[in-house]
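Numbering (our numbering), first residue to last: 27 to 352. Report on the structure given below.
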């Protein structure tokens with residue numbers, strides 16, 4: 027396919043490594059003598075004609091920066107046919123031949139609809155810390171988020187031990203417990219509560235009682251924001267406190283710090299590989315695909331499958347976590 031100009035945008039929640047992927051897209055375009063334009067603030071930027079030319083110097087010094095230099099946003103207007111028609115008028119105005127969308131499932135859904143309605147080639151790069159897209163073992167930013175969470179909880183543990191406290195630490199993961207499970211194992215959590223497992227409060231209390239009986243004076247419980255107990259982390263802590271009136275209990279919500287920070291080496295390499303493959307895919311006439319990774323190899327999955335497919339928590343890691351929380 028004769029691709030002369032590619033647009034790139036970042037959409038939805040930001041994740042570390044988006045800038046790395048963006049840089050790779052721009053530089054791969056330059057390498058192949060293809061013009062590249064950046065769309066600010068996601069699909070809303072397409073509607074508002076917030077589109078600018080990107081050269082290799084435009085992306086100088088961003089490989090180590092968190093966030094996204096193109097900014098990110100969610101667009102209600104793009105959900106409407108009228109909004110998408112406005113966006114396509116700007117695509118035609120700028121002679122754009124293909125679009126690289128860096129984002130999560132919502133961004134991919136928008137890109138897929140846009141592709142089907144206007145026959146514009148779209149390739150997705152999975153930029154989300156939740157690691158909740160089918161067709162890739164790692165989404166861009168997930169590894170950095172894990173390291174951010176691990177470092178934060180290591181510091182929380184210092185004060186938990188000093189004061190004989192039980193800490194509930196909430197991490198992101200409304201629909202997927204990858205961050206909670208992996209970080210929980212990495213920091214030696216007493217219990218890990220995730221959406222994929224129906225661990226009731228009774229099981230949590232039994233585990234904490236057993237640990238106290240074994241002489242443990244402080245504990246960390248890692249809670250995904252969408253855990254199956256159906257309670258928010260503060261209510262959960264209050265209910266546990268009723269069973270342990272002499273136990274000092276504290277809650278720490280890590281929140282948006284998990285999305286920030288300089289990407290790890292893993293995410294920088296991953297973002298670079300994905301950015302290169304995204305451009306090459308468009309050059310090969312490929313569309314409607316997400317760039318993923320499996321066992322170190324770059325692979326392509328349909329955007330529809332990436333959105334609808336079910337991602338699974340590692341059952342072996344769940345088993346290991348149970349052994350470790352004696």
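Cβ atoms here follow ideal geometry from the backbone N, Cα and C, with glycine treated the same way.
- At a Cβ-Cβ threshold of 7 Å, residue 167 and residue 271 do not count as neighbours.
- In the assembly as shown, residue 152 is a buried residue. Its beta-carbon has 16 or more other beta-carbons within 10 Å.
- Note on geometry: alpha-carbon atoms of residue 76 and residue 295 lie some 29 Å from one another.
- Using a Cβ distance threshold of 7 Å, residue 124 and residue 29 count as a contacting pair.
- Shortest Cα-Cα distance from residue 308 to any of 148, 113 and 92 involves 148.
- Boundaries of the alpha helix (DSSP H) harbouring residue 169: 168-188, taken from the DSSP string.
- One alpha carbon belongs to residue 32, the other to residue 317, and they sit about 16 Å apart.
- The beta strand (DSSP E) runs of length 3 or more contained entirely in the segment 270-336 are, from start to end of the chain, 274-279, 315-320 and 323-328.
- Look at residue 217 here: in three-state DSSP terms it is strand.
- Selection 49, 87, 88 and 70 evaluated against residue 106 yields 70 as nearest (Cα-Cα).
- DSSP lists 35 and 77 as the bridge partner or partners of residue 65.
- The DSSP-derived three-state label of residue 152 is strand.
- Annotated as proximal: residue 50 and residue 298, with beta-carbon spacing under 7 Å.
- Going by DSSP, residue 117 is part of no beta strand (DSSP E) but of the alpha helix (DSSP H) stretching over 107-119.
- Look at the beta carbons and you see the segment 168-180 not touching the segment 221-234: under three pairs across the two are nearer than 8 Å.
- A check of alpha carbon separations from residue 287 across 46, 27, 36 and 37 identifies 46 as the nearest.
- By the C-beta criterion, the segment 52-71 is judged to be in contact with the segment 92-103, since at least 3 inter-stretch pairs fall below 8 Å.
- Under the three-state reduction of DSSP, residue 250 is assigned to strand.
- When the beta-carbon positions are compared, residue 157 and residue 204 come within less than 7 Å of each other.
- Straight through space, the alpha carbons of residue 214 and residue 137 are spaced by roughly 40 Å.
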